[in-house]
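Numbers 84 to 329, taken from this note's numbering, label the letters of the sequence shown in order.
Beta carbons: idealized from backbone N, C-alpha and C, even for Gly.
Below is one structure, written out as structure tokens, with a few remarks after it.
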Amino acid sequence: MAPSVRGPLLRLAACASAFLAAAPALAQGQCRLALQLGMDVSASVDQAEYRLQVEGLASALLDPTVTEAFLNGPGPVALSIFEWSGRFQQDVLVDWTMVTTEADLLAIAERINRSIRGNQDFPTALGYALGFASTRFREAPACLFQTLDISGDGQNNDGFPPSAAYEHFDFDGVTVNGLAIGGASREIEDYFAAEVIHGPGAFVEYALNHNTFAEVMRRKLERELRAMILGEAVITGRTLPAVSVF
């Protein structure tokens, strides 16, 4: 079997085994996923771009495909959202909230839309943002899986790098996905792929600019949430599209 085929199949088998092992807990309605979203509000993000991110995230959360992925899986999802920039500039916008209804997502989206930017003159401390997220997972509800979805438009330029965060903070079993916001060059996508993403099934989605943030965030959320419904596909014998898994 070609390596390009064998790798994804092995990851699929590993995810299926993990999900099947967790099936009894899911049958009892246990939280299936603790999902944490981190938004870049460093100095490289101007006010107009900030609003595109905020409104784009709110829009993505209310998209019918994302709503369906949140609500129709085997067990609820716990969601938390924070902004990050410099070493000590991380602000929680939405504390851990169990999403069980459309009203929950609407309330979160409205809260995000009303948010006022906390910091705008600080550099890009990605390592510190990862460390902050790790500590936040300790406060999350007990869920079968943990995923951090971190977005940014620049490389780490303040404090310790992402590699140090992974060395010194607890990311055991945590998947870290990236949403890289770039421009004419896709250098930032390569950086996120090499330095930021981490853990089983991790991936990067690329937004050409902040104007495309909403659509890419929608696609990214659906991809992350569908991965956690893998067990349903295995149990019922239905096949999910490959993009919904990895």
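- Taking a cut-off of 8 Å on C-beta distances, the segment 121-140 does not touch the segment 183-190, as fewer than three cross pairs fall below it.
- Residue Gly237 holds the alpha-carbon nearest to the alpha-carbon of Arg269 among Ala248, Gly237, Pro224.
- Using a Cβ distance threshold of 8 Å, Ala141 and Val149 do not count as a contacting pair.
- Positions of the beta strand (DSSP E) runs, each at least 3 residues long and wholly inside the segment 144-217, are given as 160-167, 173-182 in order along the chain.
- With the rule of 3 Cβ pairs closer than 8 Å, the segment 150-167 does not count as touching the segment 267-287.
- In the DSSP assignment, Leu227 is bridged to no other residue.
- Taken atom to atom, the span from the alpha-carbon of Glu288 to that of Ser168 is near 20 Å.
- When the five nearest sequence neighbours on each side are left out, the beta carbons in the same chain lying within less than 7 Å of the beta carbon of Glu222 are those of Trp179, in order along the chain.
- In terms of Cβ geometry, Thr207 and Gly235 form a close pair [threshold 8 Å].
- For Ala117, the secondary structure class from DSSP, reduced to helix, strand or coil, is strand.
- Residues Thr207, Ala208, Leu209, Gly210, Pro245, Glu278 of the same chain have their beta carbon placed closer than 8 Å to that of Asn239, with the five preceding and five following residues left out of the count.
- The three-state secondary structure of Leu291, taken from DSSP, is coil.
- Here Met300 is not bridged, per DSSP, to any residue.
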